[in-house]
Amino acid sequence: MADGLTHPMFLGLPKTVRDRITEWTKSLEAALGDDLVAILLTGGVARGDYRPGESDVNALVILRDANFEKLDAISSAMQAVRYGARVEPTILTADELPGASDAFPLLYDEIKKSNLILVGTDPFASAVVDDTHRRLRIEQELREAQIGLRRVVTDALGAREAIGGGVGRKVRQVRRPLRALLGLKGIDCKEDLKNVLACAGGAYGVDVSSLAAPRDQPEAAHEALTQLLAAAIADVQSMETERLT
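Printed below as a string of structure tokens:
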């Protein structure tokens, strides 16, 4: 049931953002009619860690048919909400949803758990994600972050503020795969970054206190995230080994 426009998470957004999103949903309903299956808000807004003036508003628009005519008809509304409220919409078709769970397992898990339905019904309610796909995606995302973390130092040319900023971006990047890994281990953890870091640090014996403000302690934060990623990657690899034996 579409109750997202009255949900406390939505009502907690700045009024200008709420108004533009409401106007956007009406525009899409008028332009698409029955071809519009659902509109959902995801990401920080749905999790409760949206930061006014800093965060984008992630959204999913589900269509029956994403043909040129339909996309062209909503182009103005999509641009207006993007620049007026920092909404970043992803357009999918209803037929694509079942088959994409293996390609985007962590995204599907997160959307299933946290979303605000503005139009239509929840198209992810019946989505099924296999643990094998979860493990593969977790390892991929953690390894990408591990490799990128090394580039943070070499690209900074000694500038400690740049290192701190880069570490901070990597910390935000690994929130989702770390939480998914903790879930596979049976560790229940809230979705926000602070809780995920605390749970992961506890699980792997890493002091993550410096990751709360990487710009203040860039070298310590880099070392903490390096240790955390190494431990998490080793753990997810061991899960795959156990599965095969």
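When we follow the numbering used here, the leftmost residue of the sequence shown carries the number 46, and every step to the right adds one. All C-beta atoms in this analysis are idealised placements derived from N, C-alpha and C, irrespective of residue type, glycine included.
Going by DSSP, leucine 142 is part of no alpha helix (DSSP H) at all; its letter is neither H nor E.
Around leucine 142, the same chain offers Pro168 as residues with beta carbons nearer than 6 Å, after the five sequence neighbours per side are excluded. For the 9 Å CB-CB criterion, aspartate 280 and lysine 230 form a contact. When the alpha-carbon of leucine 238 is set against those of Arg96, Ile136, Lys60 and Asp140, the nearest one is in Arg96. Here the C-alpha atom of arginine 196 lies approximately 17 Å from the C-alpha atom of arginine 260.
In the three-state DSSP reduction, glycine 78 falls in the helix class (H, G or I). According to DSSP, leucine 85 shares a beta bridge with Leu105 and Ile162. DSSP places valine 132 within a strand segment (E or B) once states are collapsed to three. Proximity to glutamine 185 across Gln282, Glu268 and Glu68 peaks at Gln282, based on C-alpha coordinates. For the set Arg109, Ala269, Ala277 and Asp252, the Cα lying nearest the Cα of aspartate 140 is the one of Arg109. Nearest in C-alpha terms to isoleucine 156, of all of Thr61, Pro263, Ala225 and Leu73, is Ala225. The criterion of a C-beta distance shorter than 9 Å is not satisfied by alanine 258 and valine 251. In this structure, valine 90 sits near asparagine 103, with a CB-CB distance shorter than 9 Å. Proline 53 counts as exposed, since fewer than 16 other C-beta atoms from the protein chains shown sit within 10 angstroms of its C-beta. In terms of CA proximity to isoleucine 107, Leu163 leads the group Leu194, His178 and Leu163. Glutamate 133 has its alpha-carbon roughly 16 Å from the corresponding atom of phenylalanine 55.
Within the same chain, Cβ atoms closer than 6 Å to the Cβ of tryptophan 69 are found at Ala122 and Val126, the five residues on either side in sequence being excluded.
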